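Numbering (UniProt numbering), first residue to last: 1 to 471. Glycine included, every Cβ here is placed at the ideal spot set by N, Cα and C. None of the values given here were measured: they were computed from a predicted structure. Comments concern the structure below.
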């Protein structure tokens, strides 16, 4: 991905090799606390390595300090903060709020000032460099570590108010972009439920690299056709109905969209094992879903998909190609759609995918589902006898229809519901024969459930790179 400020700075870099200055403004986390040898393994140091030549990444941080000007220890007014202003950053990442959530000392009593104090800091950064791009980040997550459980419980609840204040500032201020770091760390990646360990700092560095190396795009505006607006995992969710087919559809909007409006299309089971969807939303992707239940990848499903695609790409200006994601029976939709419209698909992710409806729901060697098998035959307009010779995704002739679309597969080797040998792995064999070998992650001894890869990062990295947004 390209950097948000790359276009502005390219002439400068070419003509005089002037580095793009990135200021990381924060507290103990930005100081590297929790990492083994913070000067080398804290996220600022790791981020500097990832950004590479041409960028000067500097941390301006004070442990225990907060954003609130009336707090016990405010970063505003310190020598460290004055140095940050003097640095005249081209890009500033603000990661503050963890210390502001404290009751001892009682910083939280001043929480009504969060919005105003955040705006004040941004104003000063803009005075130092009017072209600065600001990434305003929520605090990293807190986990109820046994030794700090009682003190962390109220602080965790306060993160919601901090996020809301930051979002309001970003919404009303030019060149300020909000990022929710709720999923930036896992419990085992902290030393005390708050501070990242070395692995946590590494993960933070990769996340910041992702958001700093992308240009900013436009969030879809669903106001005109949205029938229902809600919040899904902190993101705006809109539900609407397609005009022609009448299908129900959903679009989830990222806090900050990546340029080009990339998106991932979830085929079935919206909200189930959403780690990948959330990781991509955090990185500027939109998340789309249209109801194709009981259609099993048939022509009727393709009609809904085509109408949905036309709406998303024309009305909402989403990218003309998307990542297709299908779990289980969702495989029937994503692969059939990609075969019919290969130019609309940038990458495919199949998770224990059905690639032969005779296997499931037909029960050839998989699990028979009588009701679903009956519905499947009906939507295809065939009999059980005709199904025996009906073209399948797992056929040798099908793989060529996918061209060179990158394919990722997650396979539970002990899946008895959708046996890999006649579904995902058989498709993989034919893809390899067509010089398009898929990336496969196997889960030894795992069955059909649970879906997903834990941690999700390997799949995430593969798909980002395949879509042109990766490292």
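Next item on the list: Using DSSP bridges, identify the partner residues of residue 108.
Entry: Here residue 108 is taken as the residue at index 108 of the chain shown, counted from 1. Residue 108 pairs with nothing; no bridge assigned.
Check: Helix, strand or coil for residue 306 per DSSP?
Finding: Start at 1 with the first residue of the chain shown, and residue 306 comes out as number 306. Helix at residue 306.
Check: Could you give the distance in angstroms between the alpha-carbon of residue 31 and the alpha-carbon of residue 116?
Finding: Taking the first residue of the chain shown as 1, we reach residue 31 at position 31. Taking the first residue of the chain shown as 1, we reach residue 116 at position 116. Each residue's Cα considered, the two are about 25 Å apart.
Check: What residue ranges within the segment 232-317 form continuous alpha helix (DSSP H) runs of no fewer than 4 residues, ordered along the chain?
Finding: 275-282 and 299-310
Notebook entry, point to check: With contact counted as at least three CB pairs below 8 Å, one residue from each stretch, are the segment 282-293 and the segment 251-262 in contact?
Noted result: By the C-beta criterion, the segment 282-293 is judged to be in contact with the segment 251-262, since at least 3 inter-stretch pairs fall below 8 Å.
Margin query: Give me, in chain order, the residues of the same chain whose beta-carbon lies closer than 6 Å to that of residue 199; leave out the 5 immediate sequence neighbours on both sides.
Written below: Indexing the chain shown from 1 puts residue 199 at position 199. Here the set comprises 189.
Checklist line | C-alpha distance - residue 345 paired with residue 433, whole-angstrom precision | finding: The residue given as residue 345 occupies position 345 in the chain shown. The residue given as residue 433 occupies position 433 in the chain shown. Going by the C-alpha atoms only, they are around 21 Å apart.
Next item on the list: State the CB to CB distance for the pair residue 323 and residue 264, rounded to an integer number of angstroms; the pair is presumed to be in contact (CB under 8 Å).
Entry: Within the chain shown, the letter at position 323 stands for residue 323. Within the chain shown, the letter at position 264 stands for residue 264. Contact holds; Cβ gap of about 4 Å.
Checklist line | First through last residue of the alpha helix (DSSP H) which encompasses residue 150 | finding: To locate residue 150, count along the chain shown from 1; it is residue 150. Its alpha helix (DSSP H) spans residues 149-172.
Notebook entry, point to check: Helix, strand or coil for residue 351 per DSSP?
Noted result: For the purposes of this step, residue 351 is identified with residue 351 of the chain shown, where counting begins at 1. Of the three classes helix, strand and coil, the one that applies to residue 351 here is strand, per DSSP.
Notebook entry, point to check: Nearest to residue 43 by CA position, among 453, 203, 260 and 175, is which residue?
Noted result: Start at 1 with the first residue of the chain shown, and residue 43 comes out as number 43. When only C-alpha atoms are compared, the closest one is 203.
Note to self: Quick check on the burial criterion: 16 or more other C-beta atoms within 10 angstroms. Buried or exposed for residue 231?
What the structure shows: Counting from 1 along the chain shown, the entry for residue 231 is found at position 231. Exposed.
Checklist line | Simplified DSSP state of residue 441, which is helix, strand or coil | finding: Stepping through the chain shown from its first residue, residue 441 is reached at position 441. Reduced to three states, the DSSP call for residue 441 is strand.
Checklist line | Contacting residues, own chain, Cβ-Cβ under 7 Å from residue 270 (five flanking each side not counted) | finding: Residue 270 sits at position 270 when you count from the first residue of the chain shown. So the qualifying residues of the chain are 250 and 289.
Checklist line | Option nearest residue 185 by Cα separation, candidates 206, 393 and 267 | finding: Residue numbering aside, residue 185 sits at position 185 when the chain shown is read from its first letter. Of the listed residues, the one whose Cα sits closest to residue 185 is 206.
Item checked: Environment of residue 77 [buried if 16+ CB atoms lie within 10 Å] -> Your numbering for residue 77 matches position 77 in the chain shown. Exposed is the call here.
Next item on the list: Report all residues from its chain with a CB closer than 8 Å to the CB of residue 364; omit the five preceding and five following residues, and keep chain order.
Entry: Your numbering for residue 364 matches position 364 in the chain shown. Short of 8 Å from the beta carbon of residue 364, and not among the five residues preceding or following it, lie these beta carbons of its own chain, in chain order: 356, 358 and 422.
Notebook entry, point to check: Three-state secondary structure (DSSP) at residue 324?
Noted result: Translated into the one-based positions of the chain shown, residue 324 becomes position 324. DSSP places residue 324 in strand when its eight states are reduced to three.
Item checked: Test item: CB-CB of residue 19 and residue 54 under 8 Å -> Within the chain shown, numbered from 1, the residue matching residue 19 stands at position 19. Within the chain shown, numbered from 1, the residue matching residue 54 stands at position 54. Contact: yes.
Item checked: For residue 21, the three-state DSSP class (helix, strand or coil) -> What you label residue 21 is simply residue 21 of the chain shown in a count that begins at 1. DSSP places residue 21 in strand when its eight states are reduced to three.
Notebook entry, point to check: In the DSSP assignment, what are the bridge partners of residue 463?
Noted result: Locating residue 463 in the chain shown gives position 463, counting from the first residue. In DSSP, residue 463 forms no bridge with anything.
Next item on the list: Can you grab the Cα-Cα spacing for the pair residue 366 / residue 27, in whole Å?
Entry: Within the chain shown, the letter at position 366 stands for residue 366. Within the chain shown, the letter at position 27 stands for residue 27. In this model, residue 366 and residue 27 are separated by some 54 Å (Cα to Cα).
Notebook entry, point to check: From 86, 174, 220 and 111, pick the residue whose C-alpha is nearest to that of residue 238; which is it?
Noted result: Counted from its first residue, the chain shown places residue 238 at position 238. The candidate whose alpha carbon is nearest that of residue 238 is 220.
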